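What follows is a single structure, written as structure tokens, with notes after it.
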Amino acid sequence: MIKILTDSTSDLTPELVARYQIERIPLYVYFGEECYRDGVDFTHEEFWEKLKTSDVFPRTAQPSPADFMEVYRRLLDEGHEILFIGIGSTISGTVSSALLAQQEFPGAPIEVVDSLSLCMGIGLLCVHAGEMIARGMGLKEVAAELRKMVPRIKVSFIVDSLDYLYKGGRLSKTQAILGNVLNIHPRIAMADGILYAADKIRGKRRAVKALLDWATGEKIDPLMLVAAHCDSPEEAEEIAETLRGMGLAKEVVLAKTGAVISSHCGPGTVGIVFIAQED
């Protein structure tokens, strides 16, 4: 049996984890000298609260090769083939750790897929993997299909405040202050594993409309569409309901952002994630 393994930044909902029997390996989150296992030592809500109240900006660290070896060994002993789908190698060294650990099990049925994405961009690859496995596809075949999907992952978020982009070193203090005064809400997107500002829009409501316009202008794979948020459930649910009403996908899932997106974008962030159809 193929076991889907991912990391904690995939932001999969508990229902999806159970549906596809997915296992997760946590990244580490540091607030100063305090170390936490992402998704294990705190809930999303607890992390968001600490993010808002801590004087220290959090940093994340990948699982070590030894962490992966421990999980690989257990899953192989249980008779599983292993499909690891991880956060983009341009953002984290997690995939590198997974590959180093794989070398310690020569000939073992282990495939490592670099999502070049984050959040539910990784999660959607896991969902597609689960569907392919259910159809009887083999490990190498599933991994090959996922790698073809990677360039079609679409992730975009609207930031509520520029303070966290400043704290994370992506904006100067002057840019953050001026942007907040002018009520600027960037639309952050991702391409080739790199986060960038796709648009800068004045007013949150206009920014959310721009996010929806961007998504609905794409050819969306109909399996699943995601509305994600950092401590903004009502706004995200409104986006999800709008997307459901458009009938763009069989399922529209509401997901909570974990440590990576939440740290860089901050509370009040909302986003849309999907996989585009093949041309």
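Mapping to numbering that gives the first Met the number 0: the sequence shown position 272 is 271, numbers consecutive.
Beta carbons: idealized from backbone N, C-alpha and C, even for Gly.
Just so we're clear, the structure is a prediction, and the values are computed from it rather than from any experiment.
Buried versus exposed call for Tyr195 [16 or more other C-beta atoms within 10 Å across all chains shown]: exposed
Residues near Lys255 by beta carbon distance below 6 angstroms, same chain, minus five either side: His43
Cut-off 6 angstroms between Cβ atoms - residues of its own chain near Tyr29, not counting five sequence neighbours on either side: Arg58
8 angstroms contact criterion, which Thr8 and Cys125 should meet: CB distance rounded: About 12 angstroms; that fails the 8 angstroms criterion.
Separation of Phe46 from Tyr35, as counted between CA atoms: 10 angstroms
Three-state secondary structure (DSSP) of Glu80: strand
Beta-carbon proximity check, Ala209 vs Asp198, cutoff 8 angstroms: yes
Residues that Leu4 bridges to, as DSSP identifies them: Glu22 and Phe83
Sub-8 angstroms separation of Leu99 and Ala128 beta-carbons: no
Cβ pair count under 8 angstroms reaching 3, the segment 250 to 270 against the segment 138 to 149: no
Proximity winner among Pro266, Phe273 and Ala275, relative to Lys51 (alpha-carbon distances): Pro266
Other residues of its chain near Lys192: CB distance less than 6 angstroms, five sequence neighbours each side excluded: Per the sequence shown, residue 192 should be read as Gly rather than Lys. The residues are Gly87, Thr89 and Leu115.
Anticipated Cβ contact below 8 angstroms, Ala97 with Phe67, distance rounded: 5 angstroms
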